[in-house]
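The block underneath contains the structure these notes are about, expressed in structure tokens.
Numbering (our numbering), first residue to last: 46 to 265.
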């Protein structure tokens, strides 16, 4: 017995690829911006080789401020900035702006925890050998913390999938938009169940792949 879809299959595929675009682009931005932010928090912390309490507190306060703001509130608050950057406030590319801004401090804090767990003895040994500061970051901090960073990035991806679905409430597109417009507003249970199943499968795939990558990194 074949399943009869209440809306065309093409709508599901388009929504799926819209979600992948939102999550993939915002995740890439969060990774590129989050790693330097995490490094800055580590090296300027008390005991760091560029210790600066003022900078550390300032950057930490900004990061905490964005992390403490619920995504749906941040989504609305950033509407003027989103319009300035993308020229619109609806659609996939408009959603990427708040998604990336929300995910960057989230990932930065997770990466900071991984960097903080690097053995201080390795840092001291590198300093004793006369390594430059950026060499210590590039060749000691990041390689040693890489499994934790990958694990944190996996968590960030899962959070972004959830946030991208939430962004559908303001017409961002993707699976969340499909679930709200056709599932919730039109009381179509089939659409809701299919979207939920796809999101669960996507999250499970991301988590499985991330865990496998972390295990491979730790076994090297």
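C-beta atoms are modelled at their ideal positions from N, C-alpha and C, and glycine is treated no differently. Predicted model, so just to flag it, every value in this text is computed and none were measured.
Practice prompt. Decide if the stretch 68-83 is in contact with the stretch 141-149; the criterion is three or more beta carbon pairs, one per stretch, under 8 angstroms apart.
Written response: The stretch 68-83 vs the stretch 141-149: in contact.
Fill in: Cut-off 7 angstroms between Cβ atoms - residues of its own chain near residue 110, not counting five sequence neighbours on either side
Apart from the 5 residues on each side of it in sequence, residue 110 has no Cβ closer than 7 angstroms to any other Cβ in its chain.
Item to complete: Determine the direct distance from the alpha carbon of residue 104 to that of residue 179, and round the result to whole angstroms.
Response: Rounded to whole angstroms, residue 179 to residue 104 spans 20 angstroms at the Cα level.
Worksheet item: On the three-state DSSP scale, how would you describe residue 54?
Response: It is helical.
Discussion item. Can you find the residues in the same chain that come closer than 7 angstroms, C-beta to C-beta, to residue 244, ignoring five residues on each side of it along the sequence?
Written reply: For residue 244, where only same-chain residues beyond five positions count, the Cβ hits under 7 angstroms are 206, 210 and 220.
Discussion item. In the DSSP assignment, the alpha helix (DSSP H) including residue 159 goes from what residue to what residue?
Written reply: Residues 137-161.
Practice prompt. Leaving out five residues on either side along the sequence, give the residues of the same chain with a beta carbon under 8 angstroms from the beta carbon of residue 51.
Written response: Within the same chain, residue 51 has close Cβ partners 227, 233, 235 and 236.
Discussion item. If you measure between the beta carbons of residue 218 and residue 152, is that distance less than 7 angstroms?
Written reply: Between residue 218 and residue 152, the C-beta gap is not smaller than 7 angstroms, which leaves the two residues out of contact.
Worksheet item: To the nearest angstrom, how far is it from the Cα of residue 196 to the Cα of residue 108?
Response: Rounded to the nearest whole angstrom, the C-alpha separation of residue 196 and residue 108 is 20 angstroms.
Item to complete: Report yes if the C-beta distance between residue 137 and residue 222 is below 7 angstroms; otherwise report no.
Response: No Cβ-Cβ contact shorter than 7 angstroms links residue 137 with residue 222.
Discussion item. Given a cut-off of 7 angstroms on the beta-carbon distance, is the pair residue 2 and residue 163 in contact?
Written reply: Only positions 46 to 265 of the chain appear in the structure, and residue 2 is not among them; the question remains open.
Worksheet entry | Check whether residue 82 and residue 88 have beta carbons under 7 angstroms apart | Contact: no.
Practice prompt. Grab me the residues of residue 53's own chain with a C-beta within less than 7 angstroms of its C-beta, minus the 5 sequence neighbours each way, in chain order.
Written response: Within the same chain, residue 53 has no close Cβ partners at all.
Fill in: Spatial neighbours of residue 182 in its chain, beta-carbon cut-off 8 angstroms, leaving aside the 5 residues before and after
Shown here for residue 182: same chain residues with a beta carbon closer than 8 angstroms to its own, the five before and five after excluded, namely 84 and 88 in chain order.
Worksheet entry | Contact under 7 angstroms by Cβ, residue 143 with residue 120 | Contact: yes.
Discussion item. By the three-class DSSP mapping on this structure, what secondary structure does residue 213 have?
Written reply: Residue 213 carries a helical assignment under DSSP once its states are collapsed to helix, strand and coil.
Worksheet item: When the Cα of residue 212 is compared with those of 261, 75, 254 and 139, which residue comes out closest?
Response: Per the Cα distances, 139.
Worksheet item: Skipping 5 residues on each side, what residues in its chain have a beta carbon closer than 6 angstroms to that of residue 56?
Response: So the list is empty, once near-sequence residues are dropped.
Worksheet item: Would DSSP call residue 256 helix, strand or coil?
Response: DSSP places residue 256 in helix when its eight states are reduced to three.
Worksheet entry | Cβ-Cβ distance between residue 224 and residue 240 below 7 angstroms | Yes, they are a contact pair.
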